[in-house]
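Novice: Structure incoming, see below.
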Amino acid sequence: MTSFIDPKTLKSWLHDGGEIALLDVREHGQYGEAHLFYGIPLPFSRLELDAPRLMPRRSVRVVAYDGGDSDVAERAAHRLAALDYTDVHVLQGGTRAWKAAGHALFAGVNLPSKTFGELAEEVYHTPRVSADQLAEMLARKDKVVVLDGRPVSEFHKMNIPTATCCPNGELAYRVRRLVPDTTTPIVINCAGRTRSIIGAQTLINLGLPNPVYALENGTQGWYLNDHALEHGGTRRYAADSGNADLRPAAKALAERFGVPTVTAQTVQQWAGDAGRSLFLCDVRTPEEFAARTLPGAQHTPGGQLMQAGDQYVGVRGARLVLFDDDGVRAPTIAHWLRQMGHDASVLEGGLASGLSLAPAAAPATPALATIDAQALSARLAQGEVALVDLRPSMQFRAGHIPQARWSIRPHLADDVKGETRQLVLVADDAGLAAWAAASELAGLSPAPLLLEGGMAAWRDAGLPVQATPVQPADADCIDYLFFVHDRHDGNKEAARRYLAWETGLVAQLDAQERSAFRLPTASAARHA
543 MTSFIDPKTL KSWLHDGGEI ALLDVREHGQ YGEAHLFYGI PLPFSRLELD
593 APRLMPRRSV RVVAYDGGDS DVAERAAHRL AALDYTDVHV LQGGTRAWKA
643 AGHALFAGVN LPSKTFGELA EEVYHTPRVS ADQLAEMLAR KDKVVVLDGR
693 PVSEFHKMNI PTATCCPNGE LAYRVRRLVP DTTTPIVINC AGRTRSIIGA
743 QTLINLGLPN PVYALENGTQ GWYLNDHALE HGGTRRYAAD SGNADLRPAA
793 KALAERFGVP TVTAQTVQQW AGDAGRSLFL CDVRTPEEFA ARTLPGAQHT
843 PGGQLMQAGD QYVGVRGARL VLFDDDGVRA PTIAHWLRQM GHDASVLEGG
893 LASGLSLAPA AAPATPALAT IDAQALSARL AQGEVALVDL RPSMQFRAGH
943 IPQARWSIRP HLADDVKGET RQLVLVADDA GLAAWAAASE LAGLSPAPLL
993 LEGGMAAWRD AGLPVQATPV QPADADCIDY LFFVHDRHDG NKEAARRYLA
1043 WETGLVAQLD AQERSAFRLP TASAARHA
C-alpha cells in the first residue's frame, strides 16, 4: 500500500536534519521544466539502473514525486519497494500540490550547485573579466592563460580560442604545470557561470599568487558578444601534468573549512552503520579510476561532484568520503562540499589507505531474449513484428529503423496497447529495455525481444536508417530539456534566458534553503 505525504510534511522532513532521498521520477525534460529545489532526477525509465547507486542504503527515507497529473510516482514507489527499499513515500499531488502550498518550483538542472555558485560569487566577490575584455587581451597577445573548467566532452563541443581543458576538480593538481610562473593572469571559463566562478575562486582560495579571473557568462557570454567559438577542440591538460606542490595549501584550506580527515578503519565502521548512507568518492580522472581504485568506490570526478552532485549522490545528509592519490584534489573539493552543506570528509592515505568496501547491491537484470539485425529485417519485411525504439528521442529523430515507433517507459504500455504482433525493442542500454519490459510488458505472449547490439549492430549490417527531424513531436519528447540545449545551438535568445535564469536562482530560495549552505560571511571570506 502506497504511503502518501502532503507538502507540509515533506517540507519539514527536508529540514529536520535526517537523511532523505527526494526523487523526481519524471523524465529529464519534465524534471527540468519545474521541480523541487532538492529533487534528485531519477527518471522512471532508469529507476532500477540508477537507484542502487544513488541510494545504496535500502532503509533510507525516500519520497518520490511527479507532476501531480499521472501515476508515475506511485508506480515508481511500487518498483522501489520491489527493490527492497523499506521507507518509501509519495508526495500527494506532486509538483502541483507543492506549488499550491506556496513553495517554489525551479527550472533547470543541478540546482543546488548552480545556486551555490551564485552565492559564492556574492560572498567572495570573485574577480571577473567580460568577454570583450578577454577578447582584447587575446587580440593584443597578452600573456594570459585560459583554462576551461568543464569535462573533456563538453570542451569538445565548443571552447574559447586558446583555451585548454582542465576540469575544475583537476585545477589545484595541475595548474602549476599549466601555468609555471606566478605572474601570468589566469582566466577560468565554463559554458555559463557556475564553474567559471568556482574554478577561479578555487585557485584564489588556495592562495595562488597569479591574478585569477572568472570569465563572465562563459562561452555563452563570448557568443552573445559576437566573438567566435572554436568547435571540436582537443587541447587538454597532459596526463603527466599532476603536481603536488599545492598539497600544503590544500591541506590548510581543508582545515580552514573544517574538513575532517578520516581513517580507513573509521570509514569501515561507517559502512556498517545501518542508520547512515555512505558514498566513497574517487575524485580523480576517468583514466586513473579505470586503472585502479578502491573496492566499493564510485567515480565522481571532482569538478562534476561540485557541479552536478545529484548525478552521483541521491541522499541529502549522507556521509561523503573523498579520496585521491596526491593529497591535493580531495581536500580542495571537500572544502567546497562542506560549504554546500554536505557531510564531506577526506580519506587518510587516499588510494593507498587499504580501504575495501562492498559495492552497492544491484538487482539482477531481467532476462530478455534477443534477435539479430538480419533476422529482424526479415521479420519486418513480413510484417511479423512491431518495432519500438526506447532510445532517447533526439537519437530517434536523428536516425532509426524504418517502421519503428518511439516510446519511453512511462508511456510504453499505452503505446503498444492493442498490438498483436510480437514486440521488438531497440535500446543502446540492454538493461533499460529489460527493466521496461519486465515492469510494463509483463505477461505478453509472445514475450518481447531485444535487438541484439542495438542500432550500432543494425548500422553495421548495412541496413537502412530513417531520420525524422520533427518526430516525435516536441511535446512528446519528455526526456529532452529544450531550453538548456537550445542555448548552444545558435539561439541567442535562449542563451540570454538561460543566463537570466542562472542569475535569478538565489532570489527564488526560501530562508531554509538558503541557510542550508555553509558559506562564510563576506567579512570572513575577505580575511580567510
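Under our numbering, the sequence shown has 1011 at position 469, and the numbering climbs by one with no breaks.
All C-beta atoms, glycine included, are put in the ideal place defined by N, C-alpha and C.
Computed from a prediction, not measured in an experiment: that's the story for all the values here.
Taking the C-alpha atoms as reference points, what is the distance between Ile-746 and Gly-574?
Specialist: The residue given as residue 746 occupies position 204 in the sequence shown. The residue given as residue 574 occupies position 32 in the sequence shown. Answer to the nearest angstrom: the Cα atoms are 32 Å apart.
Novice: Taking Cβ positions only, does Thr-637 come closer than 8 Å to chain B?
Specialist: Here chain B cannot be found, since the structure has a single protein chain.
Novice: Within 10 Å of its beta-carbon, does Asp-558 have 16 or more other beta-carbons around it, so buried, or fewer, so exposed?
Specialist: Your numbering for residue 558 matches position 16 in the sequence shown. Under this definition Asp-558 is an exposed residue.
Novice: Which of the three DSSP states is assigned to Tyr-715 in this structure?
Specialist: By 1-based counting over the sequence shown, the position of residue 715 is 173. Residue state, collapsed to three classes: helix.
Novice: Can you list, in chain order, the residues of its chain with a C-beta nearer than 6 Å to that of Asn-701? Leave out the 5 residues immediately preceding and following it.
Specialist: Along the sequence shown, one-based indexing puts residue 701 at 159. Within the same chain, Asn-701 has close Cβ partners Asp-690, Glu-772, Gly-775.
Novice: Runs of 3 residues minimum, wholly inside the region 871–934: which ones carry the beta strand (DSSP E) assignment?
Specialist: Taking only runs of at least 3 residues, the beta strand (DSSP E) segments lying wholly in the region 871–934 are 885–889, 927–931.
Novice: When the Cα of Asp-787 is compared with those of Leu-820, Leu-680, Ala-714, which residue comes out closest?
Specialist: Position 245 of the sequence shown holds residue 787. Ranking Leu-820, Leu-680, Ala-714 by Cα distance to Asp-787 puts Ala-714 first.
Novice: Give the DSSP-derived three-state secondary structure of Tyr-666 in the structure shown.
Specialist: Looking up residue 666 in the sequence shown gives position 124. In the structure shown, Tyr-666 sits in a helix (DSSP, three-state: H, G or I).
Novice: Roughly how many whole angstroms lie between the Cα atoms of Arg-939 and Thr-1010?
Specialist: The residue labelled residue 939 in the question sits at position 397 within the sequence shown. The residue labelled residue 1010 in the question sits at position 468 within the sequence shown. Distance between the alpha carbons of Arg-939 and Thr-1010: 5 Å.
Novice: Grab me the residues of Leu-748's own chain with a C-beta within less than 8 Å of its C-beta, minus the 5 sequence neighbours each way, in chain order.
Specialist: The residue labelled residue 748 in the question sits at position 206 within the sequence shown. Counting only Cβ-Cβ distances below 8 Å, and skipping sequence neighbours, we find Ala-714, Leu-788, Ala-791, Ala-792, Leu-795, Thr-874.
Novice: May I have the straight-line CA-CA distance separating Val-1048 from Ala-946, to the nearest angstrom?
Specialist: Residue 1048 sits at position 506 when you count from the first residue of the sequence shown. Residue 946 sits at position 404 when you count from the first residue of the sequence shown. Each residue's Cα considered, the two are about 44 Å apart.
Novice: Return yes when the Cβ of Leu-847 is within less than 8 Å of the Cβ of Gly-711, no when it is not.
Specialist: Locating residue 711 in the sequence shown gives position 169, counting from the first residue. Locating residue 847 in the sequence shown gives position 305, counting from the first residue. Contact flag set, yes.
Novice: On the DSSP letters alone, give me the boundaries of the alpha helix (DSSP H) that Leu-788 sits inside.
Specialist: Numbered from 1 along the sequence shown, position 246 holds the residue referred to as residue 788. That residue, Leu-788, is in no alpha helix (DSSP H); it is neither H nor E in DSSP.
Novice: Look at the alpha carbon of Val-927 and the alpha carbon of Glu-590, and state the distance between them as a whole number of angstroms.
Specialist: Residue numbering aside, residue 927 sits at position 385 when the sequence shown is read from its first letter. Residue numbering aside, residue 590 sits at position 48 when the sequence shown is read from its first letter. Near 27 Å, if we compare the C-alpha coordinates of Glu-590 and Val-927.
Novice: Could you give the DSSP three-state label for Leu-578: helix, strand or coil?
Specialist: Numbered from its first residue, the sequence shown carries residue 578 at position 36. Residue state, collapsed to three classes: coil.
Novice: Can you check DSSP and say which residues form a bridge with Val-632?
Specialist: The residue given as residue 632 occupies position 90 in the sequence shown. Val-632 is bridged to Phe-546, Ala-606.
Novice: Are the beta-carbon atoms of Arg-1060 and Gln-881 separated by less than 8 Å?
Specialist: Here residue 1060 is taken as the residue at index 518 of the sequence shown, counted from 1. Here residue 881 is taken as the residue at index 339 of the sequence shown, counted from 1. Yes, they are a contact pair.
Novice: For the alpha helix (DSSP H) that Asp-690 lies in, which residues bound it at each end?
Specialist: Taking the first residue of the sequence shown as position 1, residue 690 is located at position 148. Here Asp-690 belongs to no alpha helix (DSSP H); instead the beta strand (DSSP E) covers 687–690.
Novice: Going by Cα to Cα distance, which pick from Arg-858, Arg-818, Asp-782 is closest to Thr-827?
Specialist: On the sequence shown, residue 827 is found 285 positions in, with the first residue counted as 1. Selected option, being the one with the closest Cα: Asp-782.
Novice: Run through the region 961–997 for me and flag every whole alpha helix (DSSP H) of 4 or more residues, listed as ranges in chain order.
Specialist: Segments of the alpha helix (DSSP H) lying fully in the region 961–997: 972–982.
Novice: Looking at the unbroken beta strand (DSSP E) that takes in Asp-506, where does it start and where does it end?
Specialist: Given a span of 543 to 1070 for the chain in the structure shown, any question on residue 506 remains unanswerable.
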